[in-house]
């Protein structure tokens, strides 16, 4: 049936929707002329097949007038073929609005409006939109959400800490794992999840200058977090060029830190610049991350370092804070208290009280060990039963009498939650985590050169330990340690060697001699080099094909930088500080390393060098396993060790024997007390495996590969296979949009395989959380791409001309992202398939079946076809919207029920915690109740909107 055009009617072009709302100027028998005021264009069409669609608003729709005023349609009348909308304004006054007064700036975004108006998409685009809705809804309630994207191993303790941290509204925690357990990875996981969920937007990372570039690369490569480095030159760039006439700046950015959301900066630079410090504080941040926080010096007298004062001020102003630090025992009790004080100065206000609290952890640890014991009689012992009853209460003790595993787990969780620093501090040890290689010490005794033996009688201990300082500028040519090093390097030319020494001067002289005089491929790494120079040296050493055989580092090489790929570690000298030695070894001894850690120590026989080596080996056992008590033992024996090394070598065996005994005593105390409690809290067995398993399951690489191929086809990207589980994407010559998000001009190569991504840094790790995938899905879901489609359905079971309307519904919640309400919604997409007899067929005909059966309609036939089915289509749309409203009520009830149950359980837990743990106060409970009420109100207002429609006409 041909369209009936009348002068004054409003129509829209199906082929040129950007022209806006058209107005019929002339309507002749064979020809119609349409004006498009918004585009200042006119078009003439053949009346019998014009690509035009009649625009007719329904009751309840909002209309805009050419004056800009918006009204709500209450009823629709027709006069001489034109429409008059009886509409209500903001004061609830009714006005008759002829359609000629409607604004020409019309944009039909809803799936319903686009379908009625004939603004239709290719069926393949509809399928892509439907797939996008399904993938987004599936991810919405997944526990792996926010953890799929990082390019990291699925190590349980790291994911447990991260998931525990992000479950809190504003995490403020101390990450104090032993060296090599991945504190940076844990921090990255936390940041990635919170940033992806839009719970945080502005992140400030403060690190020692030597680690700035490493953090930048690590965050970008592993977590797709693109930080910017700020230093004095970057801040100075905020002042724009001067005006030639008045010699004044053209413009000044008042605060340079406002120009980026993700910032990395050197902590010492900021602490020394009052101007930059004030700007930093004024910028406002959502999260603060501080690496090497054990270097922040605090004294009970109040004389704190400038960097500690800076971080203390920032911590007070920023809601979420992560401090990465050495283990509590290595930092010392005072240093440990100082870090916790930054996180919560009210909870940790008194050092003496904190010491007493630490001493009480042994009892709690014993109770938990009894609960973990396989011996059922352990809980019946009076020394266990009575304290448990006092702490847990009668109800939980009754559950425990059944000896059920669930009751024991609940009791352990209660004790871990309610006592100690568990909510503020996470500390895992190598022994509890496992997966570490063995350490192997190889001693290389050398004869002392004659030149040195003459000088040693008057040398200081510092000179004995670093004899190159006694030998003059040409020391490298006469030091036997370099002759040994040359021989060692020649034994295995393919093995990579990391050499660490104390000073930059020694590192430079040594590397220069070995490279220029002896011809070895080597690189140097020290604090006097620029960050770029250090990064180049590290990259040269890491190059498998043409890299350096040896990297020579000064002491800064033992902090932050990881070289676990190196086969050998050479300790050219030994530091007096056991923490520094542990950090040196930790550059190779890291979780996931293949092969044992070979530690080589060249030393002069019968010298203080040998004495210090014996001390570390026999007193602290540091070359066999990490020494968690080195700091405490070294402090107690510092003076005696110094004297024995320098003046009284005969006394050294007794010093070593006593120190070894003390070390073992301290290890036993730590294992039975605070450390055991912290380890249990930092990686709860059973729970810690859940998230990595969910991440592995939800990766769904086959689904993602198919989705990206579909995406490439519809957006005009060039897509090709690279190899197994890997693809190459390039911008195409005829892309749907000018620039595809996160697709560089040179293209990208990506793999879906986690293990391959860990080995191939040149490949992107493609997951559902990769920025390209995530932004492409947002682009599709937030716009009208693929939202309306019409097709024919050649089936024999239904009469020709029957209509089926398929719809996908989107849940919409208006609430702050921090509430994370999506996780309480059903983890599936709501799909409807209704025919023109009001039958619901979604359970009988799958979406994929329709994709196979549906056939494309020629575009020129669409306008006439839509006119033919206008009335039954309107009825189908109304039925679909009624059904969506019914489902909306069910979704609200389900979501609100899930939310109330979860919040009730957490509220009970917090209430119990508040009775025992000062971390939880009345303010915490009040804030929790407020956010609970806010979340419940938002879920009770949830809406299910129609996100995509496909009309199938049986042929």
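In my numbering, the protein residues as written are -8 to 946.
Here a beta-carbon is modelled for each residue, glycine too, at the ideal position from N, C-alpha and C.
The C-beta separation of residue 313 from residue 178 comes to about 5 Å, placing the pair in contact by the 8 Å criterion. Closest in alpha carbon position to residue 556, among 530, 571, 61 and 565, is 530. DSSP places residue 600 inside the alpha helix (DSSP H), whose first and last residues are 599 to 605.
The Cβ atoms of residue 621 and residue 570 lie closer than 8 Å to each other.
In this structure, the beta-carbon distance from residue 462 to residue 443 falls below 8 Å. For residue 764, no beta strand (DSSP E) segment is defined; the enclosing uninterrupted segment is the alpha helix (DSSP H) at 762 to 773.
For residue 480, the closest alpha carbon among the candidates 591, 527, 596 and 875 is that of 591.
A distance below 8 Å separates the beta carbons of residue 105 and residue 779.
Out of 516, 492, 535 and 474, the CA that lies nearest to the CA of residue 508 is found in 474. As summarised for the stretch 400 to 484, the continuous beta strand (DSSP E) elements at least 3 residues long and confined to that stretch are 430 to 437, given in chain order. In the assembly as shown, residue 110 is a buried residue. Its beta-carbon has 16 or more other beta-carbons within 10 Å. Here the stretch 593 to 609 does not lie against the stretch 192 to 202, with fewer than 3 beta-carbon pairs under 8 Å apart. When DSSP states are grouped into helix, strand and coil, residue 847 belongs to the strand group. A Cβ-Cβ contact shorter than 8 Å links residue 125 with residue 820.
The three-state secondary structure of residue 754, taken from DSSP, is coil.
Pairing residue 814 with residue 132 gives a Cβ-Cβ distance under 8 Å.
Closest option to residue 816, judged by alpha-carbon separation, among 386, 270 and 932: 932. DSSP places residue 228 in no alpha helix (DSSP H); its state is neither H nor E. Straight through space, the alpha carbons of residue 74 and residue 712 are spaced by roughly 55 Å. By the neighbour-count criterion, in which a residue is buried when 16 or more other Cβ atoms sit within 10 angstroms of its Cβ, residue 453 is exposed. Around the Cβ of residue 143, a 10 Å sphere holds 16 or more other Cβ atoms; the residue is buried. Listed in chain order, the non-local C-beta contacts of residue 362 below 6 Å within the same chain comprise 399, 402 and 403, local neighbours out to five positions each way being set aside. In this structure, the alpha-carbon of residue 341 lies about 13 Å from that of residue 289.
For the 8 Å CB-CB criterion, residue 867 and residue 796 form a contact. Residue 580 carries a coil assignment under DSSP once its states are collapsed to helix, strand and coil. With distances taken between CA atoms, residue 565 lies nearest to 458 out of 273, 294, 657 and 458.
Taking all protein chains shown into account, residue 45 has 16 or more neighbouring C-beta atoms within 10 Å of its C-beta and is therefore buried.
Annotation for residue 913: the continuous alpha helix (DSSP H) segment containing it runs 913 to 931. Taking C-beta atoms as the reference points, residue 11 and residue 37 fail to come closer than 8 Å. Contact annotation: residue 938 and residue 842 have beta-carbon atoms that are not nearer than 8 Å. Annotation for residue 777: 112, 116, 117, 119 and 120 place their beta carbon closer than 6 Å to its own, counting only its chain and skipping 5 residues before and after.
At least 8 Å separates the beta-carbon of residue 532 from that of residue 511. Per DSSP, the beta bridge partners of residue 826 are 795. The DSSP-derived three-state label of residue 633 is helix. Judged by DSSP in its simplified three-state form, residue 69 adopts strand. The beta carbons of residue 542 and residue 560 sit about 11 Å from each other, so the pair does not count as a contact at 8 Å.
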